[in-house]
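In our numbering, the protein residues as written are 170 to 305.
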């Protein structure tokens with residue numbers, strides 16, 4: 170997976186945020202986060218929904234795995250993060266896990282965007298978290 174992620178990151182940066190691999194287009198952001206235990210700086214390419222001018226949504230789907238992705242635990246521990254976006258460059262944001270109706274409404278935007286997210290939901294028994302990234 171790290172090689173695949175690095176290839177996506179490289180393509181994103183080489184093409185101004187456009188990623189043709191798997192048809193991502195301009196629907197990704199690169200999340201810069203810090204390891205909760207290690208303090209290591211990391212970058213994760215994530216599908217994002219732009220909620221408004223200052224807000225992006227990302228889903229901790231991990232392809233429908235039974236556990237949450239590492240980046241999710243990291244942003245809970247260190248919520249002041251940054252994202253690289255196709256249209257706004259690097260943006261300092263604060264991460265917040267959505268709950269209840271807000272989470273469900275946001276998750277609905279992901280399942281409407283892609284069959285893949287509906288498939289991820291079917292593969293797991295966990296509720297897939299959605300994180301709101303708000304410009305600081």
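Even glycine gets a Cβ: it sits at the ideal position worked out from N, Cα and C.
7 Å Cβ shell around residue i - same chain, five flanking residues per side excluded
i           : result
residue 271 : none
residue 282 : 218
Beta carbon of residue i nearer than 9 Å to that of residue j
i           : j           : result
residue 307 : residue 204 : Residue 307 is absent from the structure shown; the chain starts at 170 and stops at 305.
residue 216 : residue 196 : yes
residue 259 : residue 202 : no
Inter-residue CB distance, residue i and residue j (contact presumed, cutoff 8 Å)
i           : j           : result
residue 228 : residue 279 : 5 Å
residue 187 : residue 233 : That pair is no contact at about 26 Å.
residue 198 : residue 252 : 4 Å
Residues that DSSP places opposite residue i in a beta bridge
i           : result
residue 228 : 299
residue 252 : 200 and 260
residue 214 : 199
Cβ neighbour criterion (16 or more within 10 Å) applied to residue i
i           : result
residue 296 : exposed
residue 261 : exposed
residue 291 : exposed
residue 254 : buried
residue 264 : buried
residue 243 : buried
Beta-carbon contacts of residue i that lie in its chain and below 8 Å, excluding the five residues immediately before and after
i           : result
residue 236 : 295
residue 189 : 180
Close-in-space but distant-in-sequence residues of the same chain around residue i (CB under 6 Å, 5 per side omitted)
i           : result
residue 122 : The question about residue 122 has no answer here: the residues shown for the chain are numbered 170 through 305.
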